[in-house]
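Engineer:
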Amino acid sequence: MHAPSDRRALTLEQLARLCHDGEWHRGLYPAAPSGFAELDASLPGGGWPVGAVSELLSEAVGIGELGLLMPALSRLSRAGRTIVWIAPPYLPYAPALTQAGIALERVLIVQARSAQESLWAAEQALRCPAVGAVLSWPLQIADRNVRRLQLAAEAGGNLGIVYRPAAAVREHSPAALRLRLAPTRAGLAVEIHKCRGGRAGVRLQLPMMTPTPTSRTDALAVYPAAAARA
């Protein structure tokens with residue numbers, strides 16, 4: 011099974027060429043409102059830190075971790091910014107993205123063959139000023155890697171999101187924001203583990219649509235990305 015043609019899949023070489031051929035334009039955001047008033051009220055600037063890396067830590071995928079980002083990604087998409095997905099564990103589900111207000115022509119999927127390639131691609135994408143957000147699922151990432159991504163996000167002025175397992179909360183990270191996520195019956199429990207310039211330790215309960223096999227509201231397809239490329 012292959013990725014549908016309404017999404018643009020990039021190789022690492024194509025990503026580098028786009029970033030250096032002048033196709034990108036500059037458009038910086040001081041902050042990206044999350045779309046959740048309670049969360050915005052707990053974050054400095056009233057939203058996701060732009061020009062910075064945020065880490066979302068959870069035990070599993072499909073618990074609402076993408077739904078948490080959909081309002082912000084939709085806003086960036088409508089503003090003409092590109093959303094780059096770096097080696098997602100599952101392919102984005104186009105109808106769910108469309109329903110969330112994300113223009114599919116603004117979605118780029120980068121495939122990587124190794125952890126090193128994944129980190130390189132994320133850094134290159136973050137340095138592109140026309141990219142509104144970079145979502146990355148690195149297989150391995152160290153403190154120095156996060157620091158490089160942080161510097162790249164500062165250079166590009168965009169939103170960097172790194173998904174990591176919950177166990178990574180015990181590790182030091184230079185990311186500007188770290189959120190621990192857990193599913194609940196009512197939606198998604200969010201704990202602000204680290205917040206540069208804000209308060210850590212805040213716990214929030216956010217309403218979230220529950221993913222189902224038919225609606226797939228968490229915007230991930232039901233098959234792994236690796237299988238889809240076979």
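Under the working numbering, residues 11 to 240 are what the sequence shown spells out, in order.
The beta-carbon is built from N, C-alpha and C at its ideal position, and this holds for glycine as well.
#1: According to DSSP, is VAL144 helix, strand or coil?
#2: Are the segment 104-117 and the segment 144-162 touching by the rule of at least three beta carbon pairs closer than 8 Å?
#3: Could you work out which residue in ARG116, PRO105 and ARG154 is closest to ARG88 when comparing CA atoms only?
#4: How big is the Cα-Cα spacing for LEU136 and ALA165?
#5: Cβ atoms of GLN160 and ALA186: under 9 Å apart, would you say?
#6: Checking 9 Å against the spacing of the C-beta atoms, do GLY74 and LEU189 come in under that value?
#7: Smallest Cα separation from ALA106: which of SER84, VAL120, VAL94 and ALA125?
#8: For GLY2, which residues in the same chain have their Cβ closer than 7 Å to its Cβ, ignoring the five residues on either side in sequence?
#9: Report back the beta-carbon spacing between ALA122 and ILE96 to the nearest angstrom; my notes put them in contact at under 8 Å.
#10: Quick check on the burial criterion: 16 or more other C-beta atoms within 10 angstroms. Buried or exposed for GLU65?
#11: Whose CA, out of GLY90, ILE119 and ARG91, lies closest to the CA of TYR103?
#12: Could you round the C-beta distance between GLY61 and PRO43 to whole angstroms and report it? I think they count as a contact, below 8 Å.
#13: Look at the alpha carbon of LEU101 and the alpha carbon of GLY77, and state the distance between them as a whole number of angstroms.
#14: What are the complete alpha helix (DSSP H) segments, minimum 4 residues, inside the segment 64-151?
#15: Tell me the DSSP bridge mates of GLY208?
#16: Quick one: what's got a C-beta closer than 6 Å to ARG213's C-beta in the same chain, skipping five residues either side?
Structural biologist: Judging by the given coordinates:
#1: VAL144: strand per DSSP, three-state reduction.
#2: A contact is defined here as three or more CB-CB pairs under 8 Å, and the segment 104-117 fails this definition with respect to the segment 144-162.
#3: The shortest C-alpha separation from ARG88 is found at ARG116.
#4: One C-alpha to the other measures close to 8 Å.
#5: The Cβ atoms of ALA186 and GLN160 sit closer than 9 Å to each other.
#6: LEU189 sits away from GLY74, with the two beta carbons spaced by 9 Å or more.
#7: Of the listed residues, the one whose Cα sits closest to ALA106 is SER84.
#8: In the structure displayed, the chain extends from 11 to 240; residue 2 sits before or after that span and is not available.
#9: About 7 Å separates the two Cβ atoms, so the contact holds.
#10: Buried, since its Cβ has 16 or more Cβ neighbours within 10 Å.
#11: Distances from the alpha-carbon of TYR103 to those of GLY90, ILE119 and ARG91 put ILE119 closest.
#12: Wrong, their Cβ atoms sit about 15 Å apart, outside the cutoff.
#13: About 15 Å.
#14: Qualifying alpha helix (DSSP H) stretches, in chain order: 80-88, 104-109 and 125-136.
#15: Secondary-structure assignment with DSSP links GLY208 through no beta bridge to anything.
#16: If we look at ARG213 and ignore the five residues flanking it on each side, its Cβ neighbours are GLU201.
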